[in-house]
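Protein chains: 4
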Amino acid sequence: MTEFNNERPIYVQMADRLCDEILAGRYKPDDRVPSVREYSAMLGVNMNTSFKAFEQLSREGIIYNRRGLGYFVTQEACRLISEKKKKELMNRLPQMFRQMRLLGIGISDIVQLWNETE
Amino acid sequence: MTEFNNERPIYVQMADRLCDEILAGRYKPDDRVPSVREYSAMLGVNMNTSFKAFEQLSREGIIYNRRGLGYFVTQEACRLISEKKKKELMNRLPQMFRQMRLLGIGISDIVQLWNETE
Amino acid sequence: MTEFNNERPIYVQMADRLCDEILAGRYKPDDRVPSVREYSAMLGVNMNTSFKAFEQLSREGIIYNRRGLGYFVTQEACRLISEKKKKELMNRLPQMFRQMRLLGIGISDIVQLWNETE
Amino acid sequence: MTEFNNERPIYVQMADRLCDEILAGRYKPDDRVPSVREYSAMLGVNMNTSFKAFEQLSREGIIYNRRGLGYFVTQEACRLISEKKKKELMNRLPQMFRQMRLLGIGISDIVQLWNETE
DNA sequence: GTGGTCTAGACCACC
DNA sequence: GTGGTCTAGACCACA
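Residue numbers (my numbering), protein chains in the order written: chain A, 46 to 163; chain B, 46 to 163; chain C, 46 to 163; chain D, 46 to 163.
So, in structure tokens, the structure goes:
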């Protein structure tokens, strides 16, 4: 049972986490990712929940299935993940910026926070 | 029927929108905001949904209720809204920044986007 | 419990059937289709199975969801269904034709079968 | 690792392919077909998968087993394969025709596609 | 052993 | 009332 927040479905958070691991190089193209069973046991969730995460990534072309063998990372995984995440970010940022302006937050505050982060 | 996205509850989006209008000066302290009934009709949603939005803002001290008259903007509304939004933003930014680093997005890209926004 | 064959998953067959009904004009754009619960009861399957069928059609843009109200037929449903089915057919036919030639079946046999069908 | 699609079991596709080769005259009655081992290596699949394909064809009387020697094509192989395929085709066509009618595809379109094929 | 489908039943958010 | 998520457990096809 690892840390999941309740704002988004667990399977989405699991998919996200796997994406992060792929992006970080933990799993490379044609590497096998943990099986649904292993993944479930690892994170303390139901098999169907893991399966749903895998199914989604599969639909997005990030992993693929070889029957009876498991799920594997596609060649395009990194590219697809990056694109997806960038798109999400680029959609969210402009409206956040507008809100910040209304709240009196300036670019200098952002730069400072950036430098403090991590 | 106005445009709501399906990611967040409708009542949350309605509350948010009302906050934005208050922040923009559309409703000032002690101004009466539209009634639950008007608000529902305006946005084409169920009255219970509007009510839930008002109730939430009421709990947060942003509007108050005068029985039989409707909901009114509090004196502290703007301040409370600003604080709430700032807090939310400041919570979300650090994790976004970390993600951006992984994606190869730098502070310069952000500054540029900031300058382009609006 | 209605007639389902075991070759394809039940949820696929359910999705297919709903598509046929939409195509036949039984449900028109912005019509509400039966709820997951009704559909399950009607066909004698589990709610999750119905849900999976709806979810898939939803992803394909054939129906859409209005929260708490149910699923509704999109404006493009008919077009999307037709395209999907035509694509499937046009992929399958050529290889069937080649096989038929090998088996000594001619176009005249096909025409005859066509005229006898239905 | 040859190209198999994920819609049908691999062993079925393998059996199908072998049938096609027999029909094409690649293997004649009483010819020995490749061993399970060779076949597996050739196509890059598990030996059990090859075995399942052979076993199925054996049950259908298309090949027969001589202990310690391998599998051999029966005298009736071609006839059985043809019959099987014709039966399958003739079962599938009527429902395809009904679908086509719904999609506005006419017999003339089919004839045209027939003439264009191969 | 793997994934895939299905069931039954729970709980929640939302309308 | 609606859909959405999650759990628990069964059975099957496939390698």
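The beta-carbon is built from N, C-alpha and C at its ideal position, and this holds for glycine as well.
Local Cβ density within 10 Å of residue i, reported as buried at 16 or more and exposed below that
i         : result
A/Ser-95  : buried
B/Leu-102 : buried
D/Ser-85  : buried
C/Ala-69  : exposed
B/Lys-132 : exposed
A/Met-46  : Confidence in A/Met-46 is poor, its pLDDT being 44 and thus under 50, which makes the residue's placement too unreliable to answer from.
D/Lys-129 : exposed
C/Phe-114 : Looking at the sequence itself, residue 114 of chain C is Leu, so the reference to Phe does not match. Exposed: under 16 other Cβ atoms inside 10 Å.
Test: residue i CB closer than 8 angstroms to a CB of chain C
i         : result
D/Phe-142 : yes
D/Met-59  : no
D/Ile-152 : yes
D/Glu-163 : yes
D/Leu-63  : no
Range of the contiguous beta strand (DSSP E) that encloses residue i
i         : result
C/Arg-111 : 108-111
A/Val-118 : 115-118
Below-8 angstroms beta-carbon distance, residue i vs any chain D residue
i         : result
C/Glu-105 : no
A/Arg-77  : no
A/Arg-112 : yes
C/Thr-94  : no
C/Lys-73  : no
C/Leu-17  : Chain C is shown only over 46 to 163; residue 17 of chain C falls outside these bounds and no answer can be derived.
C/Met-46  : With a pLDDT of only 46 at C/Met-46, under the threshold of 50, the placement of this residue in the model should not be trusted; the figure read from the coordinates follows. So no, C/Met-46 is outside the interface.
Test: residue i CB closer than 8 angstroms to a CB of chain A
i         : result
D/Asn-136 : no
B/Val-156 : yes
D/Asn-51  : yes
B/Pro-54  : no
Spatially closest choice to residue i from the options, by CA coordinates
i         : options                                      : result
C/Pro-54  : C/Pro-79, C/Glu-66, C/Asn-93 and C/Glu-83    : C/Asn-93
B/Val-78  : B/Gly-89, B/Ala-122 and B/Ile-152            : B/Ala-122
D/Arg-112 : D/Asp-154, D/Ser-80, D/Gln-140 and D/Glu-163 : D/Ser-80
D/Leu-138 : C/Phe-99, C/Leu-63, C/Trp-159 and C/Glu-83   : C/Trp-159
B/Val-90  : B/Met-135, B/Arg-124, B/Met-59 and B/Thr-162 : B/Met-59
C/Lys-150 : D/Asn-50, D/Glu-66, D/Leu-134 and D/Arg-62   : The sequence given here places Ile at residue 150 of chain C; Lys does not occur at that position. Measuring from the Cα of C/Ile-150, the nearest candidate turns out to be D/Leu-134.
C/Phe-99  : C/Val-57, C/Ile-152 and C/Leu-88             : C/Val-57
B/Ile-67  : A/Leu-148, A/Thr-162 and A/Asp-154           : A/Leu-148
A/Glu-163 : B/Gln-140, B/Lys-97, B/Glu-161 and B/Leu-63  : B/Gln-140
C/Phe-126 : C/Ile-152, C/Asp-65 and C/Asn-136            : Note that residue 126 of chain C is Ile in the sequence shown here, rather than Phe. Minimum Cα distance to C/Ile-126 is reached at C/Asp-65.
C/Glu-48  : C/Leu-63, C/Glu-83, C/Leu-88 and C/Asp-61    : C/Leu-88
C/Leu-63  : C/Asn-51, C/Lys-97 and C/Glu-52              : C/Lys-97
Cutoff 8 angstroms: residue i Cβ touching any chain B Cβ
i         : result
A/Leu-102 : no
A/Met-87  : no
A/Lys-34  : With chain A running from 46 to 163 in the structure shown, residue 34 of chain A is simply not present.
A/Leu-147 : yes
Extent of the continuous alpha helix (DSSP H) to which residue i belongs
i         : result
B/Val-81  : 81-88
D/Arg-137 : 122-147
C/Thr-162 : No alpha helix (DSSP H) contains C/Thr-162, which DSSP labels as neither H nor E.
D/Ile-67  : 55-68
A/Phe-96  : 92-104
Task: Cβ contact check for the segment 115-122 of chain D and the segment 68-80 of chain D: 3 or more pairs under 8 angstroms - done: yes
- [ ] Pair every Cβ in the segment 142-160 of chain B with every Cβ in the segment 104-114 of chain B, then say whether three or more of these pairs are closer than 8 angstroms.
- [x] No, the segment 142-160 of chain B is not in contact with the segment 104-114 of chain B.
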